[in-house]
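The structure appears right after this line, and notes come after that.
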Amino acid sequence: MALTCAPPLLNLKLKNKYSQHRFCVAKKSNSVATTSVRNSLSLDSDSRSFWANDKGFRIRFFRSAPKPNLMKVGASSGEGKSFNSETTQQEVFAWSSVILPFLFPTLGGLLFGYDIGATSGATISLQSPELSGTNWFNFSAVQLGLVVSGSLYGALAGSLIVYPLADFLGRRRELIIASLFYLIGALLTAYAPGLGVLLVARLLYGLGIGMAMHGAPLYIAETCPSQIRGTLISLKELFIVMGILLGYFVGNFEINAIGGWRYMYGFSAPIALLMGLGMWSLPPSPRWLLLRAVQGKGSLQEYKEKAILALRKLRGWSGEDKVSEKQIEDTLVSLKAAYGSNESEGSFLEVFQGPSLKAFIIGGGLVLFQQITGQPSVLYYAGPILQTAGFSAAADATKLSVVVGVFKLLMTGVAVLKVDDLGRRPLLIGGVAGLAFSLLLLSAYYKFLGGFPFVAVAALLLYVGCYQISFGPISWLMVSEIFPLRTRGKGISLAVLTNFGSNAIVTFAFSPLKELLGAENLFLLFGAIAVLSLVFVVTSVPETKGLSLEEIESKILK
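For the sequence shown, full-length UniProt numbering assigns the number 1 to the initial residue and increments by one for each residue that follows.
Printed below as a string of structure tokens:
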């Protein structure tokens, strides 16, 4: 039977070198098992503590320390996990209840990635006189650019739309609306009779991207247990990469079909429908319900009861319990302290003031550096780099992209497994340092090391790997958890806008910069920006591992 610590901690005076110790008494049911410290106890000692065995219970005594540690103690097995008393005690939850509240929002990220992967094959199909199945296949460079970037423009518009509406809509409804835009955009693209309808459809799909990339990390961060928040939000990045791979796979499968581009884009429609139906079945975010209550949008007691019911459903708890009521009450107290006597939703500029400004500098800075270190354009050189390394010039670009995509998937998996273990800062610092080195190495390859193609391959893979353990998943993780609840909706919408805006700038500036500077100097520029981003991470980005959202607000942003 699992046993837990029974607070409060007590101090004992012992007649040996352990002059003062704190101890944790194992608790079974509602009774506390106590034992006296006597010479007959069996003791297991280590450098920081010793265990006392008595009547099947194991009690851990700690040497004096500035901050006490608590243990979750197991019956006689001695297994336990230490955590600091100043952090929130880990929540009890059923894994079966966590899966769906994570999976359905994350489908929004998968659909975003799918659009990236599918578009690479769809543009080939669209421009082919034999394969397009249309009489309007002869696109100009501008028209093709609009087709490719149409969803990006839609995402920019979507992030602007949700800025004033985020708290009104709520996270759940926002994701339902995003799924509708995804569904309509996918179907309209698949059945587009002409270029004009195709462009409108791409914009509608992009609106879904903008809203999903805003709502998904919000919903996951506000509903999942704090001890697995980093893992789950990092998994969203994994789903984006999986979406890219799925798009590559469908594109490769349909590339030789007449009108194959219609199937490529239309394939996302069933996934969008699943996302919408799934979000409809989930409860609203308990934190959003309390936010609306504090903003004076309804009865405080009614919203509080709804929040308790939502939390119980999200954790898989049945019947009445005091734990959910205590969590909701603690969150409500934190919100009231943040709002004071002011029940308004706040002004448009509030995100640029006080703690919200600090959060925006951290979150916005991360997603900005995520893009301006060259992420949208470095993979442009993947084909030429691998060809210079001896790969066949006839190698299919789509298959080559799949290889790089699989590597991205594997490295994202590393980040997912380690983000709640190592923490955010170590992965960011190590990954960004490696990213800067890889960019400088690519610059050196084009300038000095052209005779050593393996250097280019190693630099490319190092770049992809380091990006996927740092900026890739952790930027969005930090954005989702760093903003105060009062301005979280507006703050994340600005971060999404910053991300897609800087993505567009880098994408469109890449070609002229390449012509102006040459590949070696362009990668040198990206490398210098990466070094600057490393300085930013080291000096400005805090560690949030293990903290609840309320603790982040009270301890880091104050």
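Note that the Cβ used here is the ideal one computed from N, Cα and C, for glycine as well.
Source: prediction; values computed, not measured.
Query                                                                                                                                                                   : Result
Go through the segment 498 to 522 residue by residue and report every complete run of the beta strand (DSSP E) that reaches 3 residues or more, in order.               : none
Check whether the segment 214 to 222 and the segment 165 to 172 touch, using three or more Cβ-Cβ pairs below 8 Å as the test.                                           : yes
Could you check the C-alpha separation between Asp420 and Phe508 for me, to the nearest Å?                                                                              : 36 Å
Express the C-alpha separation of Gly296 and Glu302 in angstroms, rounding to a whole number.                                                                           : 12 Å
Output the distance between the C-alpha atoms of Leu485 and Gly451, rounded to the nearest integer angstrom.                                                            : 54 Å
Thinking Thr106 and Phe267 are a contact (beta carbons under 8 Å), I'd like their distance in whole angstroms, please.                                                  : Rounded, the Cβ-Cβ distance is 18 Å, inconsistent with contact.
Quick check on DSSP: helix, strand or coil for Gln143?                                                                                                                  : helix
Check whether the segment 493 to 513 touches the segment 239 to 254, taking contact to mean three or more Cβ pairs, one atom from each stretch, closer than 8 Å.        : no
Taking contact to mean 3 or more Cβ pairs, one atom from each stretch, closer than 8 Å, check whether the segment 114 to 132 and the segment 251 to 268 are in contact. : yes
Can you find at least 3 beta carbon pairs, one from the segment 143 to 153 and one from the segment 173 to 184, that sit closer than 8 Å?                               : no
State the Cα-Cα distance for the pair Leu204 and Pro453, rounded to the nearest angstrom.                                                                               : 43 Å
Under three-state DSSP, which class holds Glu130?                                                                                                                       : coil
Of the choices Ala155, Phe526, Tyr265, whose alpha-carbon is the least far from that of Leu198?                                                                         : Tyr265
DSSP on Gly546, reduced to helix/strand/coil?                                                                                                                           : coil
Which whole runs of the alpha helix (DSSP H) in the segment 267 to 308 are 4 residues long or more, in chain order?                                                     : 268 to 281, 286 to 294
Find out if the Cβ-Cβ distance for the pair Met279, Ile177 is shorter than 7 Å.                                                                                         : no
Give me the Cα-Cα distance between Leu522 and Leu277, rounded to the nearest whole angstrom.                                                                            : 46 Å
Please classify Trp95: is it buried, with 16 or more other beta-carbons within 10 angstroms of its beta-carbon, or exposed?                                             : exposed
Which full runs of the alpha helix (DSSP H) of 4+ residues lie inside the segment 419 to 491, going along the chain?                                                    : 424 to 447, 453 to 469, 471 to 482
Hey, out of Ala269, Ala528, Glu305, Asp115, whose CA is closest to Leu442's CA?                                                                                         : Ala528
For Leu111 and Ala155, I'd like the C-alpha separation in whole angstroms.                                                                                              : 13 Å
From what residue to what residue does the alpha helix (DSSP H) around Glu553 run?                                                                                      : No alpha helix (DSSP H) holds Glu553; DSSP gives it neither H nor E.
By Cβ distance, which residues of its chain are closer than 7 Å to residue 575, with the 5 residues on each side in sequence left out?                                  : The displayed coordinates of the chain run from 1 to 558. Any statement about residue 575 would go beyond what the structure contains.
Between the Cα of residue 560 and those of Glu481, Leu439, Gln353, Gly185, spot the shortest distance and give me the residue it belongs to.                            : Given that the chain is displayed from residue 1 to residue 558, the structure contains no residue 560 and the question cannot be resolved.
Report the residue from Lys358, Gly434, Ile124, Ile474 whose alpha carbon sits nearest the alpha carbon of Arg229.                                                      : Ile474
With DSSP as the reference, label Ala192 as helix, strand or coil.                                                                                                      : coil
Is DSSP giving Gln353 helix, strand or coil here?                                                                                                                       : coil
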